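Notes follow the structure.
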Amino acid sequence: MKLQIGKFEINIIDCGTFRLDGGAMFGVIPKTMWNKTNPADELNRITLGLNATLITGCGRRKILIDAGIGDKFDEKYSGIYGVDNKGRLILDGLTKLGVTADEITDIIITHLHFDHCGGFTAYQNGESKLLFNNADIYLQKEHYDAGINPSERDRASFIKDNLAPIINSPRLKLLDGPVNELFEGISLRPFNGHTKAMQAVIIESEGKSAYYLSDLAPTASHVPIPFIMGYDLFPLTIIEEKKEIFDEMIKKDAVAIFEHDHAMPAAKIIKTEKGYRAEKLI
Ligand SMILES: [Zn+2]
């Protein structure tokens with residue numbers, strides 16, 4: 004899917020799908036409610052997208068946000084998570100757009116959970132290596148600290164072979180809080196509800212804007228405020244963060260990009276007397 008936001012061309016790259024437990028994805032919301040929009044399979048799992056994003060239209064820069072789950076896992080793991088991404092890895096997506104890995108100048112990692120950063124690396128001769136050797140890598144320092152020293156609660160989301168090539172890269176730039184205009188028109192803002200210092204990406208040009216929300220609202224079904232994930236470390240924090248960012252987006256008439264929505268990767272957010280919801284782009 005392609006969006007034009009002022010001077011920026013935003014390509015949402017479909018890096019396949021995977022499956023997570025529907026109950027875990029919707030926290031305290033009963034299945035009778037979420038199963039209507041996100042039907043569960045026989046193992047109670049729902050299908051989630053893996054939407055990376057490439058930003059061009061800013062001179063020589065080619066900026067990649069997240070990279071899907073990648074392929075550094077065995078059949079058992081792939082079965083548990085129902086991974087379906089053959090032929091849709093990040094390099095496949097870039098090739099379709101006529102872009103090579105070496106042309107990527109900048110990588111923004113929203114956070115180090117495996118379904119967001121796994122695709123930046125692949126095994127070469129049995130060793131996990133970065134696929135993008137000419138890119139600076141941007142990550143929040145506080146999240147880096149949380150990733151290398153994870154809590155018992157989210158330890159399983161941080162996988163050594165995903166993290167090592169990133170945290171050992173000489174191109175890694177650790178950021179200390181929000182960054183207004185990392186590059187002209189592209190800002191980063193950390194949020195703490197899902198995990199420590201996960202960063203959302205705000206893209207603005209010529210009065211238009213798009214927000215790459217990462218796990219602040221993983222799918223369009225997560226726009227209503229109480230629809231938050233059981234995985235969120237700080238549920239009351241994410242509730243406040245969602246309201247704040249959605250109000251800002253509504254004011255700007257911004258486009259929301261949903262990293263895990265395989266059916267609706269982008270939408271507008273609207274607020275009615277019943278609360279916030281996602282509305283199809285026209
Ligand atoms: Zn995620």
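Going by the working numbering, the sequence shown wraps up at 285, each residue one higher than the last.
Using N, Cα and C, we set each Cβ at its ideal position, and we do this for glycine too.
These figures come from a predicted structure and were not determined experimentally.
Nearest-angstrom beta carbon gap, residue j and residue i [assumed within contact, 8 Å]
i: L53; j: F29; result: That belief does not hold up - the Cβ atoms of L53 and F29 are roughly 19 Å apart, past 8 Å.
i: I68; j: Y215; result: 5 Å
i: S208; j: F11; result: 5 Å
i: I260; j: L219; result: Not really, about 11 Å apart at Cβ, beyond 8 Å.
i: Y141; j: D109; result: 7 Å
i: C18; j: G96; result: 6 Å
i: L92; j: A104; result: That belief does not hold up - the Cβ atoms of L92 and A104 are roughly 11 Å apart, past 8 Å.
i: H263; j: L51; result: 4 Å
i: I66; j: I189; result: 7 Å
Residue i: first and last residue of the uninterrupted beta strand (DSSP E) it sits in
i: E207; result: 201-208
i: I285; result: First-last for I285: undefined, no H or E at that position.
i: E12; result: 11-24
Alpha-carbon to alpha-carbon, residue j and residue i
i: L185; j: E130; result: 32 Å
i: G278; j: S172; result: 43 Å
i: P168; j: A27; result: 29 Å
i: P181; j: I111; result: 13 Å
i: G62; j: P221; result: 30 Å
i: R5; j: Y234; result: Going by the sequence as given, residue 5 is Lys instead of Arg. If I take the Cα positions, the gap works out to 30 Å.
i: D24; j: N128; result: 33 Å
i: K211; j: I228; result: 24 Å
i: F237; j: K144; result: 19 Å
i: K271; j: K254; result: 11 Å
i: D77; j: G9; result: 42 Å
i: A125; j: L284; result: 35 Å
i: T275; j: E282; result: 11 Å
i: A149; j: A257; result: 30 Å
i: G89; j: I13; result: Reading the sequence as shown, one finds Lys at residue 89 and not Gly. Distance between the alpha carbons of K89 and I13: 23 Å.
i: I242; j: A203; result: 15 Å
i: I58; j: H116; result: 22 Å
i: G122; j: K75; result: 8 Å
i: H114; j: I170; result: 12 Å
i: Y70; j: M36; result: A small fix is needed here, since residue 70 is Ala in this sequence, not Tyr. Cα to Cα, the separation comes out at about 30 Å.
i: E244; j: F194; result: 7 Å
i: F230; j: V31; result: 8 Å
i: L134; j: E251; result: 35 Å
i: N165; j: T56; result: 19 Å
i: D87; j: A266; result: 15 Å
DSSP bridge partner residues for residue i (one or two, in chain order)
i: K176; result: Y141
i: E187; result: In DSSP, E187 forms no bridge with anything.
i: A269; result: I260
i: P193; result: Q202
i: I8; result: F11
i: K274; result: Y279
Contact with chain C by residue i, beta-carbon distance below 8 Å
i: S160; result: Structure shown: chain C not included; a single protein chain is present.
- Can you give, in chain order, each stretch of the beta strand (DSSP E) that sits fully within the region 28-96 and has at least 3 residues? 48-61, 64-68, all fully within the region 28-96.
- Message: Give the list of continuous beta strand (DSSP E) stretches no shorter than 3 residues that lie fully inside the region 96-166.
- Response: Here the runs fully enclosed are 109-111, 124-127, 130-133, 139-143.
- Going along the chain, which unbroken runs of the beta strand (DSSP E) with 3 or more residues stay wholly within the region 199-264? Runs of the beta strand (DSSP E) lying entirely within the region 199-264, each at least 3 residues long, are 201-208, 211-215, 258-260 in chain order.
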